[in-house]
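Chains as they are written, first to last, in the numbering used here: chain X, 37 to 256; chain U, 14 to 284. Quick reminder that beta carbons are idealized off the backbone N, C-alpha and C, glycines included. Here the structure is a predicted model, which is why all the values come from computation and not from measurement.
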């Protein structure tokens, strides 16, 4: 089945309406053959010479032109298809313009104060950032990484649902326990030299690794 | 407008009751109408520390359960007529406290007094929760040692989440009262430093009360230290704390070890 479109004078306005329609219903004419019926225009209509090219420029593939008569520029199209049968008029459905959906907002949780003893922050969906300290007896659990801008005195559990690339950062390490992807280390097993230092914690081949961050030198 | 103050700590034995009595007396000395309320149902002590134990007829639970009117249960202090105590029941337990009953008592006390000081029991269960529930201000009593600091941290978290103010989206004004501060131990470094405690708890400091025999003596004879020995260093520290509580700006003095002339001469230190 092919669609028939019938240009009307003035052509500039008609083309404008066609372009607007294309914008409202993008994809409607995709891969559909279109026949242009010139019955309503004639050789004297302004812009007739470039009409077919203009229609094609809208992204419509024209397979035939009907009622060419003596219209210049349309000659090459003359009677290429024969024996077509007329169908009904087709209403172009206006689909909502295809705007790509906005990307989902990044998943993270921001705690702007300190996490006190007995409090627990649990966020399995992503990263957790704590601007204050995490007290002794407090717990922060994240599906992703954990960033603590104060002292870490309680527990930090990163990659809680199984994510080995999660990391833990803190400004001052005094943690009771740190854990990544189920592997953990208690205070007793931590290098005493790292105590009180800004520290980065990550997982390497199933081992919890810890290193001081030299914040002043910008080195980690 | 009456202010409801809870004296709380989480941990027991840090000096809540002693501090409630001393601060209540110091507030009353400046002319305000003050009531101290013992919330430690089943383990009442405030009446002893205030020297009112022989005059207790009705108590908080009687008032809550409608067995007595509030004015029947209030005991007026013998030394300061604008200071009253509402004792706890010794024979009941904390389940006898209902939140509605406590709300009614606090509302009635707010009409009669300028300051309602609630002496919280230790712990984090029903008793302490009800004692802090209506507080506008919290005095967090902490000793300079790790277990006390951690428990205080826990209590501050509850003050920020479980009180009536927190539930309304407001804040309870919180102050740290560091008690039993021992200058000799501080000098030796076997006690948490003031700045370490402040760093961990992150609330403003109301005062530092030195460890002192005077505090113990005052408790034993049932007179708040601010009345019994107003010129001693713990009493002065409590008086300064009360001035800060009223919004005055008073410099904090960290108690120093007083070494005798002989000690200094020989450079001797207490082992």
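- Scanning its chain for C-beta atoms nearer than 6 Å, with the 5 sequence neighbours on each side dropped, one finds around residue 155(X) the residues 174, in chain order.
- Minimum Cα-Cα distance from residue 185(U) among the listed residues 152(U), 207(U), 211(U) and 166(U) corresponds to 152(U).
- Chain-order list of chain X residues neighbouring residue 225(U): empty, with the shortest C-beta distance near 29 Å, by a criterion of under 7 Å.
- Exposure of residue 220(X) is indicated by the presence of fewer than 16 other C-beta atoms within 10 angstroms of its C-beta.
- Secondary structure of residue 42(X) (DSSP, three-state): coil.
- Across the structure, residue 178(U) and residue 164(X) are spaced so that their CA atoms are roughly 27 Å apart.
- Listed as beta-bridge partners of residue 245(X) by DSSP are 238(X).
- Listed along chain U, the residues sitting closer than 8 Å to residue 153(X) by beta-carbon distance are 163, 164, 166, 167 and 170.
- Think of a sphere of 8 Å around the beta carbon of residue 150(X): the chain U residues whose beta carbon falls inside it are 215, in chain order.
- For residue 123(U), no beta strand (DSSP E) encloses it; the enclosing alpha helix (DSSP H) starts and ends at 112-125.
- Looking only at 143(X), 140(X), 159(X) and 171(X), the smallest Cα-Cα distance to residue 150(X) is reached by 171(X).
- The alpha-carbon separation between residue 163(U) and residue 52(U) amounts to approximately 22 Å.
- Within the region 203-235 of chain X, contact with chain U at the beta-carbon level (separation under 8 Å) is assigned to no residue.
- The beta carbon of residue 189(X) sits closer than 9 Å to some beta carbon of chain U.
- Restricting attention to 147(U), 161(U) and 16(U), the CA atom closest to the CA of residue 126(U) is found in 16(U).
- At least one CB atom of chain X sits nearer than 9 Å to the CB of residue 159(U).
- Straight across, the Cα-Cα distance linking residue 88(X) with residue 135(X) is about 29 Å.
- For residue 205(U), there is no enclosing beta strand (DSSP E), since its DSSP letter is neither H nor E.
- The beta carbons of residue 92(U) and residue 240(U) sit about 6 Å from each other, so the pair counts as a contact at 8 Å.
- For residue 147(U), the three-state secondary structure derived from DSSP is coil.
- When the alpha-carbon of residue 211(X) is set against those of 196(X), 202(X) and 232(X), the nearest one is in 232(X).
- Residue 31(U) carries a helical assignment under DSSP once its states are collapsed to helix, strand and coil.
- Between residue 99(U) and residue 83(U), the gap from beta carbon to beta carbon is short of 9 Å.
- Between the alpha carbons of residue 95(X) and residue 234(X) lies a gap of roughly 60 Å.
- At a beta-carbon threshold of 8 Å, the residues of chain U lying near residue 173(X) are 163, 166 and 167, ordered along the chain.
- Around the beta carbon of residue 206(U), fewer than 16 other beta carbons lie within 10 angstroms, which makes this residue exposed.
- The shortest CA-to-CA distance from residue 228(X) to any of 239(X), 209(X), 216(X) and 218(X) is the one to 209(X).
- A residue is called buried once 16 or more other Cβ atoms fall within 10 Å of its Cβ, and residue 144(U) is buried on that count.
- At a cut-off of 9 Å between beta carbons, residue 169(X) contacts chain U.
- Here residue 182(X) is buried. Its C-beta has 16 or more other C-beta atoms within 10 Å.
- Sorting 202(X), 61(X) and 105(X) by C-alpha distance to the C-alpha of residue 242(X) places 202(X) at the top.
- Taking a cut-off of 8 Å on C-beta distances, the region 61-75 of chain U does not touch the region 255-263 of chain U, as fewer than three cross pairs fall below it.
- Using a Cβ distance threshold of 9 Å, residue 22(U) and residue 135(U) count as a contacting pair.
- Counting only runs of 3 or more residues that sit fully inside the region 74-103 of chain U, the beta strand (DSSP E) segments are 96-99, in chain order.
- Of the other Cβ atoms in all chains shown, fewer than 16 fall within 10 Å of the Cβ of residue 112(U); this residue is therefore exposed.
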